[in-house]
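Student: I am attaching a structure below and will ask some questions about it afterwards.
Protein chains: 2
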Amino acid sequence: MKVKAENNRENSVPKGVTDFLPEQAELIGFIEERINRTFELWGFRRIIPPMFEFEELLAVGMDDSLRDKSFRFEDRQSHRLLAIPPDITPQVARIEAMRMSGYPLPHRLYYNGRVLRQVESQSGRSRELFQSGVELIGLESPEADAEMIAMSAEVLRKLGFTGFKLDLGQVEFFRGIMSAADLSLSVLKALQESIARKDSTTVRSILESVDIPDVTKSEIAELPRMFGSADVIQKASLTVRNDRSRRALDNLAKVVDILAIHGIRDELTIDLGEIRGLSYHTGVTFEGFVPDIGEPVCGGGRYDGLMGRYGRPAPATGFAFNVLNLLQGLEKSAVINLPVTPKILLFNMKEDRTAALELTARLREKGFIVARDIIRRDLHDSIEYARRTGIQSVVIVGDLAADERDAVLLKVSDGTRRVFTMTDQAFLDRSELFS
Amino acid sequence: MKVKAENNRENSVPKGVTDFLPEQAELIGFIEERINRTFELWGFRRIIPPMFEFEELLAVGMDDSLRDKSFRFEDRQSHRLLAIPPDITPQVARIEAMRMSGYPLPHRLYYNGRVLRQVESQSGRSRELFQSGVELIGLESPEADAEMIAMSAEVLRKLGFTGFKLDLGQVEFFRGIMSAADLSLSVLKALQESIARKDSTTVRSILESVDIPDVTKSEIAELPRMFGSADVIQKASLTVRNDRSRRALDNLAKVVDILAIHGIRDELTIDLGEIRGLSYHTGVTFEGFVPDIGEPVCGGGRYDGLMGRYGRPAPATGFAFNVLNLLQGLEKSAVINLPVTPKILLFNMKEDRTAALELTARLREKGFIVARDIIRRDLHDSIEYARRTGIQSVVIVGDLAADERDAVLLKVSDGTRRVFTMTDQAFLDRSELFS
Numbered sequence: 005m006k007v008k009a010e011n012n013r014e015n016s017v018p019k020g021v022t023d024f025l026p027e028q029a030e031l032i033g034f035i036e037e038r039i040n041r042t043f044e045l046w047g048f049r050r051i052i053p054p055m056f057e058f059e060e061l062l063a064v065g066m067d068d069s070l071r072d073k074s075f076r077f078e079d080r081q082s083h084r085l086l087a088i089p090p091d092i093t094p095q096v097a098r099i100e101a102m103r104m105s106g107y108p109l110p111h112r113l114y115y116n117g118r119v120l121r122q123v124e125s126q127s128g129r130s131r132e133l134f135q136s137g138v139e140l141i142g143l144e145s146p147e148a149d150a151e152m153i154a155m156s157a158e159v160l161r162k163l164g165f166t167g168f169k170l171d172l173g174q175v176e177f178f179r180g181i182m183s184a185a186d187l188s189l190s191v192l193k194a195l196q197e198s199i200a201r202k203d204s205t206t207v208r209s210i211l212e213s214v215d216i217p218d219v220t221k222s223e224i225a226e227l228p229r230m231f232g233s234a235d236v237i238q239k240a241s242l243t244v245r246n247d248r249s250r251r252a253l254d255n256l257a258k259v260v261d262i263l264a265i266h267g268i269r270d271e272l273t274i275d276l277g278e279i280r281g282l283s284y285h286t287g288v289t290f291e292g293f294v295p296d297i298g299e300p301v302c303g304g305g306r307y308d309g310l311m312g313r314y315g316r317p318a319p320a321t322g323f324a325f326n327v328l329n330l331l332q333g334l335e336k337s338a339v340i341n342l343p344v345t346p347k348i349l350l351f352n353m354k355e356d357r358t359a360a361l362e363l364t365a366r367l368r369e370k371g372f373i374v375a376r377d378i379i380r381r382d383l384h385d386s387i388e389y390a391r392r393t394g395i396q397s398v399v400i401v402g403d404l405a406a407d408e409r410d411a412v413l414l415k416v417s418d419g420t421r422r423v424f425t426m427t428d429q430a431f432l433d434r435s436e437l438f439s
Numbered sequence: 005m006k007v008k009a010e011n012n013r014e015n016s017v018p019k020g021v022t023d024f025l026p027e028q029a030e031l032i033g034f035i036e037e038r039i040n041r042t043f044e045l046w047g048f049r050r051i052i053p054p055m056f057e058f059e060e061l062l063a064v065g066m067d068d069s070l071r072d073k074s075f076r077f078e079d080r081q082s083h084r085l086l087a088i089p090p091d092i093t094p095q096v097a098r099i100e101a102m103r104m105s106g107y108p109l110p111h112r113l114y115y116n117g118r119v120l121r122q123v124e125s126q127s128g129r130s131r132e133l134f135q136s137g138v139e140l141i142g143l144e145s146p147e148a149d150a151e152m153i154a155m156s157a158e159v160l161r162k163l164g165f166t167g168f169k170l171d172l173g174q175v176e177f178f179r180g181i182m183s184a185a186d187l188s189l190s191v192l193k194a195l196q197e198s199i200a201r202k203d204s205t206t207v208r209s210i211l212e213s214v215d216i217p218d219v220t221k222s223e224i225a226e227l228p229r230m231f232g233s234a235d236v237i238q239k240a241s242l243t244v245r246n247d248r249s250r251r252a253l254d255n256l257a258k259v260v261d262i263l264a265i266h267g268i269r270d271e272l273t274i275d276l277g278e279i280r281g282l283s284y285h286t287g288v289t290f291e292g293f294v295p296d297i298g299e300p301v302c303g304g305g306r307y308d309g310l311m312g313r314y315g316r317p318a319p320a321t322g323f324a325f326n327v328l329n330l331l332q333g334l335e336k337s338a339v340i341n342l343p344v345t346p347k348i349l350l351f352n353m354k355e356d357r358t359a360a361l362e363l364t365a366r367l368r369e370k371g372f373i374v375a376r377d378i379i380r381r382d383l384h385d386s387i388e389y390a391r392r393t394g395i396q397s398v399v400i401v402g403d404l405a406a407d408e409r410d411a412v413l414l415k416v417s418d419g420t421r422r423v424f425t426m427t428d429q430a431f432l433d434r435s436e437l438f439s
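Structure representation (structure tokens):
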């Protein structure tokens with residue numbers, strides 16, 4: 005089969021996956037580098053789970069709705085069902101429980117990987133997600149929860165985001181209220197959705213039709229209003245009577261206090277009414293948002309029950325960045341702090357390549373990006389090539405006008421030329437001349 | 005389902021894939037960082053192809069044997085057949101031809117990704133490969149071929165390998181000889197295998213049974229001996245009469261000459277008898293080997309026909325590292341130049357966390373890895389935890405013996421203590437004290 009070249013994204017890849025060309029790939033690299041560097045400085049160590057697993061074992065760590073999203077196929081070797089993970093956390097839990105019992109707790113682990121999820125045809129959503137995240141296993145203290153949120157703030161700052169928001173919840177608060185009400189699943193779901201929409205009217209009308217204690221009714225009726233700045237926690241503690249919800253509020257308040265010491269206050273919002281996140285969460289959860297992007301750029305929370313499912317009970321918390329949402333956010337934001345490395349095109353006019361190759365190696369040692377212009381064409385075309393590919397300087401070796409030991413540095417932006425001696429280290433150190 | 009925790013690799017992942025725990029993951033990160041850095045300094049720009057593609061479109065760039073190795077499944081959305089790529093080069097060719105016609109040639113592109121390949125059950129081979137590679141599209145000069153080989157040598161040196169070998173071939177040499185002989189596929193295959201084994205006896209006995217020109221017979225008979233150092237090229241040119249093979253030798257000699265300018269001589273071996281690599285190769289090919297590892301750590305070559313299959317004909321060359329083979333090589337080699345960052349465990353004895361968190365942030369700004377010891381336990385246990393997890397120093401905030409503004413630096417290796425003022429920048433700059 006031969007295909008016709010067309011600059012056509014639609015025809016070249018399936019819906020929900022993307023080719024990332026150099027401009028976007030560079031930004032993704034920048035994002036992942038900042039994330040990984042932060043994770044490492046906070047003492048997290050990388051692990052690399054495999055691209056596919058036994059479906060049955062992976063499913064242990066997922067709820068059914070996520071499980072249904074995984075890409076599955078039969079193993080030609082074992083004839084067991086395999087799956088490509090739709091989420092990396094269950095893989096980390098499996099590895100921690102089944103492979104790392106020799107390491108002392110707590111474990112600080114990070115990963116960056118790509119996962120696949122089946123989505124509705126018409127949703128237009130990505131089927132391939134880039135996840136970079138951490139798991140902190142073996143600690144139940146609020147300080148561990150705060151560590152997750154503080155790290156996410158540090159990464160967002162390092163990426164240059166301003167005006168980001170971190171939205172905190174505590175799933176036990178909602179569960180504490182609901183456990184006193186013996187509601188059918190359909191009523192519970194309807195309530196949950198109206199609360200998430202902050203739709204007090206619908207919540208009240210649902211409550212009129214059910215037979216549950218009055219105190220619980222009034223607690224539920226308040227839920228659509230239980231979001232906003234940190235003082236929501238204080239307000240909620242005046243409304244809510246049940247112990248489980250009150251413990252949840254105390255726990256959340258401690259996390260907020262520790263975050264204040266980290267210098268994180270104005271970025272925080274609280275939402276006690278929304279049960280977001282995956283069903284395995286058991287405590288404080290959070291999501292991060294950057295300006296102009298509707299989807300969260302990160303999210304996570306406590307999941308004290310998950311490790312036990314893999315046979316090694318332990319408290320745990322974690323979160324992950326959605327790297328492609330961060331990419332979108334960066335593309336919309338004005339400031340991108342991409343480190344700029346001078347790019348040079350080296351144009352050799354000599355028959356002998358020795359001088360050109362030696363100078364190239366020397367420039368690379370200085371940290372410059374140097375592409376050798378191997379193609380046979382005239383200098384004018386090479387300068388045009390440099391301009392179109394974002395290269396700032398052309399260095400010409402063997403220009404007839406120059407001395408044998410000299411080269412010419414030509415600025416692509418304005419065409420100015422500067423002769424220098426190829427062995428002049430001091431000149432080569434002046435990176436501003438090349439950028 | 006609940007599972008029983010066992011430290012058992014066999015039961016936890018399918019055959020042919022691996023969990024990489026922190027020690028190995030760190031080495032993989034080190035390898036990929038060195039590779040990417042080199043690719044970038046040589047002017048290559050990253051692209052990120054998707055994890056799956058339309059099988060039909062991917063197959064355009066693969067021979068049948070590779071195509072059979074791909075993991076395939078039906079697209080729930082389009083009902084077309086999808087495949088997870090067994091090799092990234094066809095993806096790059098597709099992207100270049102169908103998506104990058106707006107960029108001027110040549111293109112220097114790099115990628116690092118993971119691919120899946122079906123393998124025989126009993127082979128014990130990996131089904132998941134980590135590939136980091138480049139494609140240089142739009143250049144037919146021997147200098148472009150030399151650039152690939154020189155880059156691979158630079159990476160192997162930067163990784164600390166000594167005594168590595170780069171084995172060069174030229175597929176046109178073999179094809180030139182064989183095109184004069186009208187041999188059946190089965191005879192051709194038998195010959196190819198005996199030549200690869202350097203089995204002159206079998207080669208001669210096969211030749212006795214076939215009816216081809218004498219000059220071709222003598223050329224073929226020489227093939228099992230046409231390997232060794234660079235002077236093999238000279239010897240071969242005395243033996244071989246056909247033009248196609250002679251042009252191949254000239255081309256290979258030019259590449260070897262350019263590599264000499266790059267300082268690459270002793271590392272080179274030549275093998276004119278082995279047709280390795282993928283069937284899309286059309287010129288110089290090479291493979292890299294490091295001591296004690298039988299499988300190549302990198303390989304590639306010229307493939308001038310591939311781009312045309314995607315509708316945009318262009319000369320091209322490229323190569324990829326097999327990252328897991330490099331990992332094995334590093335693990336067997338004595339010297340690993342892993343950059344060492346001091347690791348600190350911060351132990352807070354104060355009720356108030358402010359001083360501890362401030363010092364932690366300051367140490368991280370200095371580039372130290374700092375894990376906060378959040379768990380409640382006594383200092384002795386913390387030191388033991390640090391020892392077992394490879395942390396060099398414990399910093400204690402709020403030790404009763406110290407002044408309010410002081411902290412204690414405790415070396416894990418010998419238990420020595422040193423008191424310092426937490427705001428003493430000069431002390432914090434002395435990274436040797438912490439490592």
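These protein sequence lines are chains A and B, in that order.
Numbering-wise, our numbering comes out as the position in the first sequence, counting from 1, plus 4.
Numbering-wise, our numbering comes out as the position in the second sequence, counting from 1, plus 4.
Here a beta-carbon is modelled for each residue, glycine too, at the ideal position from N, C-alpha and C.
(1) Which of the three DSSP states, helix, strand or coil, is assigned to Arg199(B)?
(2) Assign Pro295(A) to buried or exposed, taking buried as 16 or more other Cβ atoms, counted over all protein chains shown, within 10 Å of its Cβ.
(3) Pro217(A) CB to nearest chain B CB: under 8 Å?
(4) Quick one: list the residues of chain B neighbouring Tyr107(A), beta-carbon separation under 9 Å, in chain order.
(5) Between Pro317(B) and the rest of its own chain, which residues show a CB-CB distance below 7 Å, the 5 nearest in sequence each way excluded?
(6) Below 8 Å CB to CB, which residues in the same chain sit around Arg269(B) once its five sequence neighbours on both sides are set aside?
(7) Can you pull the DSSP bridge partners for His111(A)?
(8) So, is the C-beta of Asp254(B) closer than 8 Å to a C-beta in chain A?
(9) Any beta-carbon of chain A closer than 8 Å to the one on Glu335(B)?
(10) Residue range of the beta strand (DSSP E) that Lys19(B) falls in?
(11) For Asn246(B), which three-state DSSP category applies?
(12) Quick one, which of Arg306(B), Ile378(B), Phe24(B), Pro319(B) has its alpha-carbon nearest Glu132(B)'s?
(13) Excluding the 5 residues preceding and the 5 following Leu45(A) in the sequence, name in chain order all residues of the same chain whose CB lies nearer than 6 Å to its CB.
(14) Give the DSSP bridge partners of Phe325(A), in chain order.
(15) Does the Cβ of Glu124(B) have 16 or more other Cβ atoms within 10 Å, making it buried, or fewer, making it exposed?
(16) Can you give me the start and stop residues for the beta strand (DSSP E) that Asp410(B) sits inside?
(17) Is the stretch 379-397 of chain B close to the stretch 421-431 of chain B, with three or more CB pairs under 8 Å?
(18) Using DSSP with H/G/I as helix, E/B as strand and the rest coil, what is Lys169(A)?
(19) I need the boundaries of the alpha helix (DSSP H) containing Val96(A), first residue and last residue.
(20) Can you tell me whether Glu271(A) is helix, strand or coil according to DSSP?
(21) Determine which residues of the stretch 265-280 of chain A have a Cβ less than 7 Å from any Cβ of chain B, and write them out in chain order.
(22) With a threshold of 8 Å, are at least 3 pairs of Cβ atoms found where one atom belongs to the stretch 325-338 of chain A and the other to the stretch 30-39 of chain A?
(23) Would you call the stretch 271-278 of chain B and the stretch 168-177 of chain B in contact, with 3 or more CB pairs under 8 Å?
(24) Ignore the nearest five residues each way along the sequence and tell me which others in Ala194(A)'s own chain have a CB closer than 7 Å to its CB.
(25) In the DSSP assignment, the alpha helix (DSSP H) including Ala430(B) goes from what residue to what residue?
(26) Give the DSSP bridge partners of Gln174(B), in chain order.
(27) If you scan the stretch 9-91 of chain A from start to end, which runs of the alpha helix (DSSP H) of 4 or more residues do you find wholly inside it?
(28) Going by the beta-carbon positions, is the gap between Pro228(B) and Ala184(B) smaller than 8 Å?
(29) For Thr425(B), which of helix, strand or coil comes out of DSSP?
(30) Note down, in chain order, all residues in the stretch 145-160 of chain B with a beta-carbon under 8 Å from any beta-carbon belonging to chain A.
(31) Just curious, the alpha helix (DSSP H) that Ala150(B) is in, first and last residue?
(32) Would the beta-carbon of Phe48(B) fall within 8 Å of that of Leu113(B)?
(33) Val423(B) and Val416(B) - do their beta-carbons sit closer together than 8 Å?
(34) Compute the Euclidean distance between the alpha carbons of Gly303(B) and Phe293(B), then round it to the nearest angstrom.
(35) Suppose you measure from the CA of Ala101(A) to the CA of Ile141(A); what does that come to, to the nearest Å?
(36) Specify the secondary structure class of Leu189(B) as computed by DSSP and reduced to three states.
Tutor: A quick look at the data gives this:
(1) The displayed chain sequence assigns Ile, not Arg, to residue 199(B). Helix, per DSSP.
(2) exposed
(3) no
(4) Leu25, Pro26, Arg392, Thr393
(5) Met311
(6) Ala234, Leu263
(7) Ile141(A)
(8) no
(9) no
(10) Looking at the DSSP string, Lys19(B) is not in any beta strand (DSSP E), and its letter there is neither H nor E.
(11) coil
(12) Phe24(B)
(13) none
(14) Ser136(A), Cys302(A)
(15) exposed
(16) 410-415
(17) no
(18) strand
(19) 93-103
(20) coil
(21) Ile265, His266
(22) yes
(23) yes
(24) Ile210
(25) 429-432
(26) Val288(B)
(27) 13-16, 26-45, 59-63, 68-71
(28) no
(29) strand
(30) Ser145, Glu147, Ala148, Glu151
(31) 146-162
(32) yes
(33) no
(34) 9 Å
(35) 10 Å
(36) helix
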